[in-house]
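Asks: Numbering (the numbering used here), first residue to last: 1 to 493. Even for Gly, the Cβ is constructed at its ideal location relative to N, Cα and C. Just so you know, these numbers come straight off a predicted model, no measurement behind them. Here's a structure for you.
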RNA sequence: GGCGGCAUAGCCAAGUGGUUAAGGCAGCGGUCUGCAAAACCGUUAUUCAUCGGUUCGAAUCCGAUUGCCGCCUCCA
């Protein structure tokens, strides 16, 4: 069993073979720290989180690096506008980024370096490029001479001629070739600067990733990733810099997540449809956002809307409802330590077998280019099997049943957690959901619970008419009551 | 203009050469329930944008057409 993944460099699915047996080194381009994270950042983070979780689940020792760009035009503009330093701006947004990612249950990268921590390395790399005749300096700016690097365009699948034909190339007087890009920029008045052999300046955008990836992962590493918009020019330029300097491949597999659109439109500040992670987390559980994203393949574009999130919430409710039922059944469970697969009845054994196959099917799906939609389909299958089993066994909880349910719950939790979901207890999940939904609709939780308490008394008195009146009054507000043996619980539709 | 991607049920979405086209949401019928909810069972695409072609056989490969989208400028 081996993982196959789509390599954007070769444009085909390939068998994944890490450079060092058992170890995987991944570099993903992170954010430029000048604003809060939006759902596009969230998708990229979720995709690579799931990839690293799955690789670790498959017992790989993963080193995952995700950088922060903390010096850049937009940060400088914002710092000047606020009469602060670029560090005040970048530190603020890095902190916000980390908070958002933690809530989204994104495992922290092994290393999260900042560009400004590696200025010396950048200067060193630029010197190497000079020595190799790939860089030139004009008035304190240093440019990369793209026509000197034969492989330029190999990742994005275009040639220099193609690119020259495009009318949108910015023609700068200084550059020898309009496609040359800045490695180092002379700092203007009011801009941050570092000393360099070419005078006071600051780094170009692409050089940081070449330096930091090499610093943490070596000259060649396994997987380089990011959003698909980074293919050109960012990663094309990284390849030119790194491979131009070392003569070795930068990374063996190039993996890109598709974009998020909002109601069918590209997210942009001018359209005013910029959805931040914080906006979503006000209205939905973080795992709902993850489920929504993972129900599409990572390479596909995904369209975000309130309806699609609401659908994902219903799906998540199905999972947690089953997890809850398993917990309830096991809470009154008998000792099943003496039970083994071999001692089970045919029916019990059959269910146990079906649940045991979840893990294999899950791996089969994930091995195929991290096919999370299929993997999730298999978890839903398992949920149906275990629900059917519980419906059959309703009132007869035996040690054998407990054994089966215990293993069923374990299998579902284990697979789900590779996807970064099912980390809450069901009780917690539903409590949060009630409060969140009540908040969205301006409903008073205390008042709802008071009415349920009132209804409890009428039910004890078997006054069904009055009980139903209360049920219907709450139903008008989309509040659904569930009468169970342990009392009445509620949720919002 | 150049490069690339996508089109599968009411909606979302797997499947990319061969038994009944996963799964979720929504809907409908039934079981269960004091009534509900949840759950379960059944049901909802003779067909995969359109038209041709290759093949014993195609949603899956090839060509054309239509429609949508991304990149080529900062962008996850």
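Residues in its own chain within less than 6 angstroms of residue 490 by CB, not counting five upstream and five downstream?
Replies: So the list reads 479 and 481, once near-sequence residues are dropped.
Asks: Between which residues of its own chain and residue 115 is the CB-CB distance below 6 angstroms, once the five residues before and five after are set aside?
Replies: Excluding positions up to five away in sequence, the list reads 69, 70, 71 and 208.
Asks: Residue 374 to residue 362, Cα distance in whole Å?
Replies: Cα to Cα, the separation comes out at about 8 angstroms.
Asks: Cα separation between residue 392 and residue 317?
Replies: If you take the alpha carbons of residue 392 and residue 317, they lie about 22 angstroms apart.
Asks: Using only CA atoms, which one of 251, 40 and 217 lies nearest to residue 111?
Replies: The candidate whose alpha carbon is nearest that of residue 111 is 217.
Asks: To the nearest angstrom, how far is the alpha carbon of residue 175 from that of residue 143?
Replies: If I take the Cα positions, the gap works out to 7 angstroms.
Asks: Reducing DSSP to helix, strand and coil, say where residue 265 ends up.
Replies: Of the three classes helix, strand and coil, the one that applies to residue 265 here is strand, per DSSP.
Asks: If contacts are defined as beta-carbon pairs under 8 angstroms, then residue 49 and residue 107 qualify, I think. What distance do you get, rounded to the angstrom?
Replies: The pair is a contact, with the Cβ atoms about 6 angstroms apart (cut-off 8 angstroms).
Asks: Measuring CB to CB, does residue 204 end up less than 8 angstroms from residue 183?
Replies: Yes, Cβ-Cβ distance for residue 204 and residue 183 is below 8 angstroms.
Asks: In or out: residue 415 buried (at least 16 other Cβ within 10 Å) or exposed?
Replies: Answer is buried; the Cβ neighbour count reaches 16.
Asks: Please classify residue 300 as buried or exposed, where buried requires at least 16 other C-beta atoms within 10 Å of its C-beta.
Replies: When all chains shown are included, residue 300 counts as exposed.
Asks: Helix, strand or coil for residue 205? Go by DSSP, reduced to three states.
Replies: Residue 205: coil per DSSP, three-state reduction.
Asks: Taking the alpha-carbon positions, what's the residue 461 to residue 355 distance?
Replies: C-alpha separation (whole angstroms): 43 angstroms.
Asks: Can you say whether residue 185 is buried or exposed, counting buried as having 16 or more other CB atoms within 10 angstroms of its CB?
Replies: Under this definition residue 185 is a buried residue.
Asks: Let's see if you can read the secondary structure: which residues bound the alpha helix (DSSP H) around residue 12?
Replies: Looking at the DSSP string, residue 12 is not in any alpha helix (DSSP H); the run it does join, the beta strand (DSSP E), is 12-15.
Asks: Suppose contacts are defined by Cβ-Cβ distances below 8 angstroms. Is residue 329 in contact with residue 413 by that definition?
Replies: Cβ distance not < 8 angstroms, so residue 329 and residue 413 don't count as in contact.
Asks: Let me know the secondary structure DSSP gives residue 54 once reduced to three states.
Replies: If DSSP states are grouped into helix, strand and coil, residue 54 belongs with the helices.
Asks: From this set, 101, 311 and 222, which residue's C-alpha is nearest residue 23's C-alpha?
Replies: For the residues 101, 311 and 222, the minimum Cα distance to residue 23 belongs to 222.
Asks: Hey, is the segment 89-102 in contact with the segment 31-46, meaning 3+ C-beta pairs nearer than 8 angstroms?
Replies: Yes, since at least three Cβ pairs between the segment 89-102 and the segment 31-46 fall closer than 8 angstroms, the two stretches touch.
Asks: Please report the straight-line C-alpha distance between residue 272 and residue 311, rounded to a whole angstrom.
Replies: If I take the Cα positions, the gap works out to 24 angstroms.
Asks: Could you work out which residue in 133, 422 and 210 is closest to residue 379 when comparing CA atoms only?
Replies: Ranking the options by Cα distance to residue 379, first place goes to 422.
Asks: Are there 16 or more other CB atoms within 10 angstroms of the CB of residue 400, so buried, or fewer, so exposed?
Replies: By the 10 Å Cβ count, residue 400 comes out buried.
Asks: Can you find the residues in the same chain that come closer than 8 angstroms, C-beta to C-beta, to residue 253, ignoring five residues on each side of it along the sequence?
Replies: Same-chain partners within the cutoff: 5, 7, 9, 14, 16, 222, 223 and 224.
Asks: So is residue 322 buried or exposed if we call it buried at 16+ other beta carbons inside 10 Å?
Replies: With 16 or more other Cβ atoms within 10 Å, it is buried.
Asks: Measure how close the beta-carbons of residue 151 and residue 160 come, nearest whole angstrom, since I'm counting them as under 8 angstroms.
Replies: Actually they are not in contact, since the Cβ atoms of residue 151 and residue 160 sit about 11 angstroms apart, beyond 8 angstroms.
Asks: Give the DSSP bridge partners of residue 484, in chain order.
Replies: Bridge partners of residue 484: 487.
Asks: Under a three-way DSSP split, which group does residue 34 fall into?
Replies: If DSSP states are grouped into helix, strand and coil, residue 34 belongs with coil.
Asks: Just the Cα atoms here: how many angstroms apart are residue 92 and residue 47?
Replies: Cα to Cα, residue 92 sits roughly 24 angstroms from residue 47.
Asks: Helix, strand or coil: how does DSSP classify residue 217 here?
Replies: Here residue 217 sits in helix by DSSP.
Asks: Please work out which residues of its chain come closer than 6 angstroms, Cβ to Cβ, to residue 3, disregarding the five sequence neighbours upstream and downstream, and give them in chain order.
Replies: Counting only Cβ-Cβ distances below 6 angstroms, and skipping sequence neighbours, we find 16 and 367.
Asks: Specify, as a first and last residue, the run of the beta strand (DSSP E) that residue 327 falls within.
Replies: Premise fails: residue 327 lies in the alpha helix (DSSP H), 306-331, not in any beta strand (DSSP E).
Asks: Tell me, please, which residues DSSP counts as bridged to residue 27.
Replies: The partner list for residue 27 (beta bridge, DSSP) reads 65 and 224.
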